[in-house]
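*Asks:*
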């Protein structure tokens, strides 16, 4: 009985335990899934410390420019630029491990003030490992001892600052056991201070990078120059110094002391010489005899030096560096030495570098130095050889060069003129990386079986060649991790068996080819290491991710299938396997014929995704609804433009995408109001909602000082109101054209000081031209086309000296054209429009190029990119301008387009137009111009569109040079113009006899009649007579005929009923939708 009771208790306990386990799995699993949808935020303590750092730097006097810090907004500091967090730490929240606030301008320019940061701010980052404060003009620290508390710090970069005697606390070297690398700039100020460098004494296993720009005669601390501190034989300190010497003839006096110190040192393992003057050899002449500096070096960087110009001094130094392991001679003009040969001193010195493992001789034009190349074969221990950018052909490479380099692991022969693989390549059994991009290699230049010998190959880059099919033997490279065959001319199908053995593949790039046929993603099912796939811009390639069914063993972080035919057999659905990819950072499915709706998991399934582009597809439906507060994404770039997405924008869209920098939803069917939550996208820099059906007013938050918008594009909607702009320092591009704005939009220098482009065309704006426009100092594009502005063009407009395109066409402007337009320098001197820096998508293509529409050459053209930067033009057409064309317009030598058509301009065409050297389009049609066409304008060599039609011009048409390409449409409507291309003989006009008096009398009568018709009395009398005839012509029949009266009243009653129905329908529409 006791046993039975005991068993009953155990069964109950087991049941309860099982029930608890099931409940925990259910709720725990739910919480886990829910946690995957959201993500943890950084520690509030660290976020506040970063904001203190931002305030300290941006409020310096004068302030330090740092666009990176302008993005430091929002709750999650792990998403801020230059900040990196570790989410795998034991802490419940991610912790900051890297801070990079490298300055954006050299402190030597004097444009920024000294910065004295408070070191205690960094004590809030207990897990900080990497700190980069370079190029910030730091003059010292407040509480510098606090830096010694950063126990986990590994790397510290303080280069390009101006640290003084208290630049580093004395405890730094001994207090930071993890410190591995420190970078400092040394000048006359801090070299005279022993405390700056001695602070690093006692550090263990430290690599010290010293950038010496302004040396002095003071000695470097002995503790840095020797393996052990002087007087402390038992010290375990170990410091390896890497010197970067920035040498000019201006600072040559200070170098003897530095060179004396380093010649005695045993710790100097690396040396880089920066050439700031042509003659660097004069400095090396100061090196004392018997100097051991070069003998101890393991790394020597002589890139960008003219070795021939500095011979024999630099070459002698090279000969002493017998222990070198790495040597960089890139861009050192080795190929310019006509005397270089098998016995040349540089080559003889290189042969003695028997320990050399890495040699860079790229960009030296070695085509003319075959003896030099042949001599490289003696470097038996070489593991890396860089020969890129030397214009080498296969004949230029010595046949025995690669045969002797059996230890080679990395071979770089990119950007040359090879047509086949180099001879001897098959013998490099240890080769792991082969870079052959940007050559002219064909399939005929790939010997069969050659790739089979390269069994150790891990990286193969043959992009930018002339391959027409996949290389033979590719399937045998079992260890291949990266394969790049992009930018070739491959037209074949992709045979699945080629990838059977490439299961170690991590990155595959076959983009920008001409592949055809079908490729099923199921062939990658067992590629467990695969992280990146790029098949973009293969327009005839059918990619199938749905059949046959498969389960991926990999976790991608990059996928680009742009301009492929995706899932044509499965109704063009979005690839379902993406729902299992939790490490994705970038997905681009642009122009892949996708159909259906946007799956919610595509937006928030993983927390690492940064870029998503679905542009140019056939997606329908509404945006996914966002129900839960924890449903947020880390997307920084989202492009769903050019689809058929409809409905209203979610009201909480700004809370769902807190990290967005770039959002493009243009060319859809979105409607309703723009949600106010957009103002909570603290990091949003580009917003494009153009070409939709959005209504209402623009939210206040989009024009307030909390936003950092650089590009706001809301054109071609049905928006009615724009709030007053406050301080938007980052705003560069504002497009509001094609809306229903009626009230003036006030923008001035204080509200948008950086504004370059303003497009308000196609609205209902009225009144005088805004008087606040001329105070925008950087405005380069001003388009007010198609509004209801009236009055004169203000002369204050001439103050906008950087203006490139001005479009005031199709308004009601009157008065004369200002003669001061020649004060706008961009139309007189060649200059580039200061464009907003565009965003690039994950494929490296521009995600949102700035573009403008401008009428020239008789059509509306879209300008973007390089054409936009150089486009200049004036369009004042379709107004009521009067007076003469100012001769000062002839001063605008850099003008490309001038349109003054459809006005009431009179007078002559200015002869100064002959100075418009860059003019491509000139339209003066539909005015009242008179006189002759100036013969001088035939010298305008770039003029391709020309029209003076419908004026009062006379005389012979200048029909020569390229003016013979203009047909009679350019001249019609001018009765007294003659000569080709018109069918009028000028001799008939020039030799015509005086008319008889009768004709003169008849002509006089015509003029008298025209004068009478222009009188007001005649006009009003004519109107009164016509009114009386029309009135009685209707009334008399109604009086005389009863039937006519009935029919008339019936028609009137019908019209009244229809009008009543229309008004009721309109009022109902207004009441329900507005």
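In full-length UniProt numbering, the protein residues as written are 1 to 1074.
Every residue gets a Cβ at the ideal spot worked out from N, C-alpha and C, and that includes glycine.
Just so it is clear, the structure is predicted and the values come from calculations on it, not from any experiment.
Could you give the DSSP three-state label for residue 860: helix, strand or coil?
*Replies:* Within the chain shown, numbered from 1, the residue matching residue 860 stands at position 860. Strand.
*Asks:* Would residue 407 and residue 361 be called neighbours here (beta carbons separated by less than 8 angstroms)?
*Replies:* One-based indexing of the chain shown puts residue 407 at position 407. One-based indexing of the chain shown puts residue 361 at position 361. Taking 8 angstroms as the Cβ cut-off, residue 407 and residue 361 do not qualify as a contacting pair.
*Asks:* So, is residue 55 buried or exposed, given that buried needs 16 or more other C-beta atoms within 10 angstroms?
*Replies:* Numbered from 1 along the chain shown, position 55 holds the residue referred to as residue 55. That one is exposed.
*Asks:* Run through DSSP, which three-state label would residue 944 get?
*Replies:* One-based indexing of the chain shown puts residue 944 at position 944. The answer is coil: DSSP assigns residue 944 none of H, G, I, E or B.
*Asks:* For residue 558, I'd like the list of residues in its chain whose CB is within less than 6 angstroms of its CB, leaving aside the five on either flank, ordered along the chain.
*Replies:* Counting from one through the chain shown, the residue named residue 558 turns up at place 558. Around residue 558: 532, 586.
*Asks:* To which residues does DSSP link residue 888 through a beta bridge?
*Replies:* Here residue 888 refers to the residue found at position 888 when the chain shown is read from its first residue. Beta-bridge pairing links residue 888 to no other residue.
*Asks:* Secondary structure at residue 211, three-state DSSP: helix, strand or coil?
*Replies:* The residue labelled residue 211 in the question sits at position 211 within the chain shown. Three-state DSSP puts residue 211 in a strand.
*Asks:* Give me the Cβ distance between residue 457 and residue 439, rounded to the nearest whole Å; I'm assuming they're in contact under 8 angstroms.
*Replies:* The residue you call residue 457 lines up with position 457 of the chain shown. The residue you call residue 439 lines up with position 439 of the chain shown. Between residue 439 and residue 457 the Cβ distance is about 17 angstroms, and since that is not below 8 angstroms, they are no contact.
*Asks:* Is the region 773–793 close to the region 806–814, with three or more CB pairs under 8 angstroms?
*Replies:* Yes, they touch.
*Asks:* Can you list, in chain order, the residues of its chain whose CB lies under 8 angstroms from that of residue 93, leaving out five sequence neighbours each side?
*Replies:* Along the chain shown, one-based indexing puts residue 93 at 93. Taken in chain order, the residues that qualify are 40, 41, 42, 43.
*Asks:* Where does residue 100 sit, in a helix, a strand or coil, going by DSSP?
*Replies:* Sequence index remark: in the chain shown, residue 100 carries index 100 (1-based). It is a strand residue.
*Asks:* DSSP puts residue 648 in a beta bridge; with which residues?
*Replies:* Looking up residue 648 in the chain shown gives position 648. Answer is 671, bridged to residue 648.
*Asks:* Just reading off the beta strand (DSSP E) that residue 782 is part of, what are its end residues?
*Replies:* As a first step, residue 782 must be located in the chain shown, where it is residue number 782. Element bounds for residue 782: 781–783.
*Asks:* Using only the alpha-carbon positions, how far apart do residue 515 and residue 292 sit?
*Replies:* Within the chain shown, numbered from 1, the residue matching residue 515 stands at position 515. Within the chain shown, numbered from 1, the residue matching residue 292 stands at position 292. Roughly 59 angstroms between the two C-alpha positions.
*Asks:* Hey, would you say residue 894 sits closer than 8 angstroms to residue 918, going by beta carbons?
*Replies:* Within the chain shown, residue 894 is the residue found at index 894, counting from 1. Within the chain shown, residue 918 is the residue found at index 918, counting from 1. Taking 8 angstroms as the Cβ cut-off, residue 894 and residue 918 qualify as a contacting pair.
*Asks:* Do residue 535 and residue 574 come within 8 angstroms of each other at the CB atom, strictly closer than that value?
*Replies:* Locating residue 574 in the chain shown gives position 574, counting from the first residue. Locating residue 535 in the chain shown gives position 535, counting from the first residue. In this structure, residue 535 does not lie closer than 8 angstroms to residue 574 by Cβ.
*Asks:* Can you confirm whether the region 699–719 touches the region 737–757 when touching is taken to mean that 3 or more C-beta pairs between the two stretches lie within less than 8 angstroms?
*Replies:* Yes, they touch.
*Asks:* Measuring from the CB of residue 732, is there a heavy atom of the ligand FAD at a distance below 7 angstroms?
*Replies:* Among the components of this structure there are no ligands whatsoever, and the ligand FAD is therefore not found.
*Asks:* Helix, strand or coil: which one does DSSP assign to residue 118?
*Replies:* For this step, residue 118 is matched to residue 118 along the chain shown. DSSP places residue 118 in strand when its eight states are reduced to three.
*Asks:* How would you label residue 383, buried or exposed, when you count the other beta carbons within 10 angstroms and need 16 or more for buried?
*Replies:* The residue you call residue 383 lines up with position 383 of the chain shown. By the 10 Å Cβ count, residue 383 comes out buried.
*Asks:* Around the C-beta of residue 148, are 16 or more other C-beta atoms found within 10 angstroms, so that it is buried, or is it exposed?
*Replies:* Translated into positions along the chain shown, residue 148 becomes position 148. Buried: at least 16 other Cβ atoms inside 10 Å.
*Asks:* Going by the CB atoms, is the gap between residue 680 and residue 655 shorter than 8 angstroms?
*Replies:* Taking the chain shown and counting its residues from 1, one reaches residue 655 at position 655. Taking the chain shown and counting its residues from 1, one reaches residue 680 at position 680. Their beta carbons are under 8 angstroms apart, which means residue 655 touches residue 680 by this criterion.
*Asks:* Just grab the DSSP bridge partners of residue 514 for me.
*Replies:* By one-based count along the chain shown, residue 514 stands at place 514. None; residue 514 has no bridge partner.
*Asks:* For residue 677, which residues from the same chain have a beta carbon less than 7 angstroms from its beta carbon, with the 5 sequence-adjacent residues on both sides left out?
*Replies:* Counted from its first residue, the chain shown places residue 677 at position 677. So the qualifying residues of the chain are 651, 652, 653, 654, 655.
*Asks:* Within its chain, find whatever has a CB closer than 7 angstroms to the CB of residue 169; leave out the 5 residues flanking it on each side and keep chain order.
*Replies:* Indexing the chain shown from 1 puts residue 169 at position 169. So the list reads 144, 145, 147, 148, 199, once near-sequence residues are dropped.
*Asks:* Given a cut-off of 8 angstroms, decide if residue 257 and residue 658 are closer than it, judged by their beta-carbon atoms.
*Replies:* On the chain shown, position 658 is the one that residue 658 refers to. On the chain shown, position 257 is the one that residue 257 refers to. Not a contact, by the Cβ cut-off of 8 angstroms.
*Asks:* Based on Cα-Cα distance, which residue from 730, 692, 597, 210 lies nearest to residue 683?
*Replies:* Sequence index remark: in the chain shown, residue 683 carries index 683 (1-based). With distances taken between Cα atoms, residue 683 lies closest to 730.
*Asks:* Drop a sphere of 10 angstroms on the beta-carbon of residue 579, count the other beta-carbons inside from all chains shown, and report buried for 16 or more, exposed for fewer.
*Replies:* What you label residue 579 is simply residue 579 of the chain shown in a count that begins at 1. By the neighbour-count rule (16 or more Cβ atoms within 10 Å), residue 579 is not buried but exposed.
*Asks:* Which residue wins for smallest C-alpha separation from residue 116, given the options 745, 139, 134, 909?
*Replies:* One-based indexing of the chain shown puts residue 116 at position 116. Nearest of 745, 139, 134, 909 to residue 116, Cα basis: 139.
*Asks:* Using a 10 Å radius around the Cβ and a threshold of 16 neighbouring Cβ atoms, would you call residue 265 buried or exposed?
*Replies:* Start at 1 with the first residue of the chain shown, and residue 265 comes out as number 265. Buried, by the Cβ-count rule.
*Asks:* So, with DSSP's three-state summary, where would you put residue 29?
*Replies:* Counted from its first residue, the chain shown places residue 29 at position 29. Since pLDDT at residue 29 reaches only 37, below the 50 mark, its modelled position is unreliable, and the value read off the structure follows with that caveat. If DSSP states are grouped into helix, strand and coil, residue 29 belongs with the helices.
*Asks:* Who does residue 718 pair with in a DSSP beta bridge?
*Replies:* Sequence index remark: in the chain shown, residue 718 carries index 718 (1-based). DSSP output for residue 718 lists 695 as bridge partner(s).
*Asks:* Starting from residue 55, trace the alpha helix (DSSP H) both ways and give me its first and last residue.
*Replies:* As a position in the chain shown, residue 55 is number 55, starting the count at 1. It spans 44–58 - the alpha helix (DSSP H) in which residue 55 sits, taken as one unbroken run.
*Asks:* With a CB to CB cut of under 6 angstroms and the five nearest residues on each side skipped, what residues in its chain are close to residue 387?
*Replies:* For the purposes of this step, residue 387 is taken as the residue at position 387 of the chain shown. Counting only Cβ-Cβ distances below 6 angstroms, and skipping sequence neighbours, we find 413.
*Asks:* Is residue 80 helix, strand or coil by DSSP?
*Replies:* Walking along the chain shown from the start, residue 80 turns up at place 80. In the structure shown, residue 80 sits in coil (DSSP, three-state: anything other than H, G, I, E or B).
*Asks:* Residue 825 by DSSP, collapsed to three states: which one?
*Replies:* Within the chain shown, residue 825 is the residue found at index 825, counting from 1. In this structure, residue 825 counts as helix in the three-state DSSP scheme.
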